[in-house]
Each structure stands twice: as structure tokens, then as C-alpha cells.
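In case it helps, the working numbering puts the sequence shown at residues 0 to 483.
First up is the structure itself, then whatever we jot down about it.
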Amino acid sequence: MSPQVVGSPAAPGTDVDIADRDEVSVPDAADGETRAATATDATAPAVPVTAVTADPGPTTAVTTVAGTAGTSPSTSATSSAASVAATVNGAVTAALPGLPQALSTRARTLAGAVRRRCADLAGIESPSGDAPRLDALAEELAAGFRATGATARREPGPAGDHLVLEWEGRDESLPHLLIVGHHDTVWPAGTLADWPVTEQDGRLTGPGVVDMKGGLAILEGALALLADLGERPHRTVRLVVVSDEEVGSPDGRRLVERQLRGAAAVLGLEPPHPDGRLKTARRGSTRVRLTVTGREAHAGNDAHDGVSAVDELVDQLVLVRGLAGQPGTELNAGRISGGSRANVVAGRAEAELGLRFSTAEAQRRTLDHLARLTALRPGARVRTEVLSSRPAWPERTGNPLLRHVRSLAAVLGQQLDGAPAGGAGDTNLPGSRGLPTLDGFGAVGAGAHARHEHIRLDQIAPRIALLAALLAVPLPRLRDRAEG
């Protein structure tokens, strides 16, 4: 398998050259970022990007990513998008002359290669906890990202290596942009045997294609696209790819947290909402294990000497179910086990609970309640263990980062918006702390964790162009001075 998928010479007849690119002054961003920029910055080292033959198939036009697939935006929405595009197009093209057209055209040229890259990555099974498979995929990802100019290192983890990657920016004095992703999936090894990666009816389906092999492939494509145009990101870009996100990032969290200090903003590569909207907030989530210890005995001769851990657990779960009725709390009993034989009073039982919270207060209140559980039967013991926990990321009023991304999308001919998400991820951490954060920059599709998991092939090119633009142009002021 080729370790990189993008970075191709211009296809014959395509208009992607940016001619007469003299030095221009980048307009001042709201946070005072001012730099003289050239497309071929003489100080920039050459980036080794291996040429890949462009997809010979028909070119797919950049389409809108908001709204239901196959529908056109309303007249008012189109007018609004055009107005926004007219306002910001001048600033973007002044920063990098010809960039919008170049990004959109080249993204369409490279979409086929990125599609194949996603299929190849999905072909490397990487279930959470399977260190050998996760490490094999980590090495493949590192090779692909290095080909786009990244430095990469593998960070050992107890259940598989994580990755930390970095790309130099044109202005190294600016705070870095942090991107977070993961390469583990919920699918057990062997899933490909009866569910191979398949392309049909404009969709790519297979285990992990949307969550999140597609997002990793699209980011690789966006960075290689910039390198192919002789560009670098405006500021340093750091990417953390953890190996344990699907189980709550119990070890990977430390790497994400380490890179938050000094970050200008944080982007997540999880899939967007099915209609393409970005994710602007997330519920908190916690995995809890309830372990009950009883006392074994013969169920026929000496039942009175035993204390059933299974019966105690069942009664505890009935009580715990009442938490689901509390405001801002949802509960799912995901796994239950216990006992040994039908003729033995169970000496041990346990349940793994998944909890989701709309507010930090609901999370605190529920976890406090679980921590205080006591046994209902004499001789039984109940233990509560938090396996992983992510804080709630509340919606941010105004959201200047979303406004900025929406404006960039308009310049590229895309209509884009955002909305809160029900699931949790590694962006919960920066979002809960007030850092400018957006998630959903991965592949547009649906069906994560289900057998209908898929990505929409017509939305690969728009996502490549959007991410490349976001990396290439200056950020506006995203936080008040008082916020630091």
C-alpha cells in the first residue's frame, strides 16, 4: 500500500496554476496577525510529496454540505451565502492570491485518491485494545503524513501507540492550531470478512470509514494539497491521533491535554452531522463499572449461606435506572456479567454503564450519587469505578470560530453551519475549558458504530478544500483579551 495518496501534478487542461504571485501583504486579522506572504516562500523547505495519478473519472462539482442530500438551498440561503462570500473573498484572495479556485479545483482532482486512501485505511482493522493492529495502522498513518511534510512520533500507550504530528507554519511565532483524531474503531477483528469495504451508489461503506478513517484521509489530502501548491499552513499545526478514543481515551487524553496549552483553536476530525453541519458542542460522557461481591454457596443445599451478587446487581440497576429520569442525564446499561453456574449462588457480578450529560452539574450530581451506592443485602459489597470520563462541552454564544469557518466555506462555494452533537469525543476536553473548538471536519456520512456506516463520495472534495483553506489563512480573534 502506498503510504501517501495525494499530491499530484496538474491534470492536462486543469486551471490550477497561480501565476504572477508576487509578495503581498496579508490583511490584519482581528488578533493582529500580520505577515508578508509569498506562495513560494524562499525559506520554506521543499516538501517531498509523491505524485499520484489523478482520478480519471468525471469531475464532481463542489456541492453544498448543509441541508438534505439532493436538495438545493433556498433562495434566501443562497443569497446570504453569496453576500458572505463577497465580504470575505477579497481578504482571502489577498492573503493567498487565487487560493479559493486553486483549492476547489485541486480538491476535485485529488478526491479519487483520497477516496482510495480511506478504503485502504479501513482495510487495516484497528479495534480498540488490539495493540498490534493499532500499531500497524499508526505506522501507515505516520508514513502518509510525513509525505505531506510532517514530523511524526509514536507515543507508546498501554493498548496501542498514539501519534503526535506537527507541520511548520509560515509564521512560527503564532499559537499553534491543534487537530485531534483517533485510529481505533468499535469493530472487532474479522469484521471485514463478511463486510468488506465497498463502493456503491455514491457511497463508500465499511467498518470505520466514517468513524474515522475518512477524516484522517481527508486531512492527509488537505495538507498534501497545500504542499502540492507550494503552500504551508499559516501557523504551526499539531495533530494528535489517539488509539483509545472509542473507549473514552483513558490514556490518550493526557496527550490531548498536553497540547492544549497555548493552542489558538482546536479542530476535531469526527464526522459531521449527517447533513454536513459541524459540531459546536457535545454532551459529557462517563463509563462506569459497578462490581458486586457476594458469597458463593450451593443453590440447593446451602442457599441460605450464600449472598447472590447477581440479585444484588439487578436491584442496584433498578435503582440506578431512576437516574435516567434526572434532568440532563441519560443512562445505558451496556454490558452485564456474573455468576458461574445455575446451581451456584453467584459470588460476583458486574455491569458497565454508559452515561451522557447535557451539563457539568448533571454529570457531577449523577457521579456523586453512583459513588455513594451501598449494598442492599447483608454480606454484599458494591464498588463503583469510573473507567473514563469526558466533561460536557456547552454551546458557545456567538462562536467566532464557526463564523470564520462558515465564511471560508462561502468563499469556496459551500454553505455550512453547525449544531450541538449528542455523542462525546476528544473535543469535549478543550470545549469544556472554553477553548475555541469545532468538531465534525471528517467525512460526511452516517451510520457510525452501525452496519450501514458510510461516507458520501460527493462530499470528499468540499471537505478537502475547506480544511486546506482553514489551515492556510489567518484566524480572526477567537477569544477576548481577558480570556488569554
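Glycine included, each C-beta is placed from N, C-alpha and C at the ideal position.
Predicted model only: the values in this text are computed from it and were never measured.
- Listed in chain order, the non-local C-beta contacts of L469 below 7 Å within the same chain comprise V404 and L407, local neighbours out to five positions each way being set aside.
- About 7 Å separates the beta carbons of G247 and L386, which is inside the 8 Å limit, making them a contact pair.
- Note on the segment 146–189: whole beta strand (DSSP E) runs with a minimum of 3 residues are 150–154, 161–166 and 176–181, in chain order.
- At a Cβ-Cβ threshold of 7 Å, L224 and R105 count as neighbours.
- Here D250 is buried. Its C-beta has 16 or more other C-beta atoms within 10 Å.
- Taking the C-beta atoms as reference points, A296 is found no nearer than 7 Å to P393.
- Spanning the alpha carbons of L366 and T290 requires a straight line of approximately 15 Å.
- Counting only runs of 3+ residues, the beta strand (DSSP E) found wholly inside the segment 220–257 occupies 236–241, in chain order.
- Taking 4 residues as the shortest admissible run, the segment 388–454 contains the following complete alpha helix (DSSP H) segments, listed from N- to C-terminal end: 399–410 and 427–431.
- Taking C-beta atoms under 8 Å as the contact rule, L259 and L176 fail to qualify, at a distance of about 12 Å.
- Around the beta-carbon of Q199, fewer than 16 other beta-carbon atoms lie within 10 Å, marking it exposed.
- Under the DSSP assignment, A280 falls in the beta strand (DSSP E) whose first and last residues are L277 to R281.
- The residue among E171, D170, T396 and D134 with its C-alpha nearest the C-alpha of R153 is D134.
- Under the three-state reduction of DSSP output, L322 falls in the helix class.
- Following the DSSP letters along the chain, one finds A350 inside the beta strand (DSSP E) bounded by residues R347 to F356.
- E384 counts as exposed, since fewer than 16 other C-beta atoms from the protein chains shown sit within 10 angstroms of its C-beta.
- One thing to note: T204 has its Cβ within 7 Å of the Cβ of H453.
- In the three-state reduction of the DSSP assignment, S125 falls in the coil class.
- Separation of A467 and A149 (C-alpha to C-alpha, rounded to the nearest whole angstrom) is 15 Å.
- The secondary-structure analysis by DSSP pairs A264 across a beta bridge with L176.
- Proximity to K278 across T197, R340, R476 and G424 peaks at G424, based on C-alpha coordinates.
- Note that the segment 215–224 does not touch the segment 444–453; fewer than 3 beta-carbon pairs, one per stretch, sit closer than 8 Å.
- A contact between stretches requires three or more CB pairs, one per stretch, nearer than 8 Å, and the segment 369–381 fails this requirement with the segment 413–429.
- Residue burial annotation: E360 is exposed, with fewer than 16 other C-beta atoms found within 10 angstroms of its C-beta.
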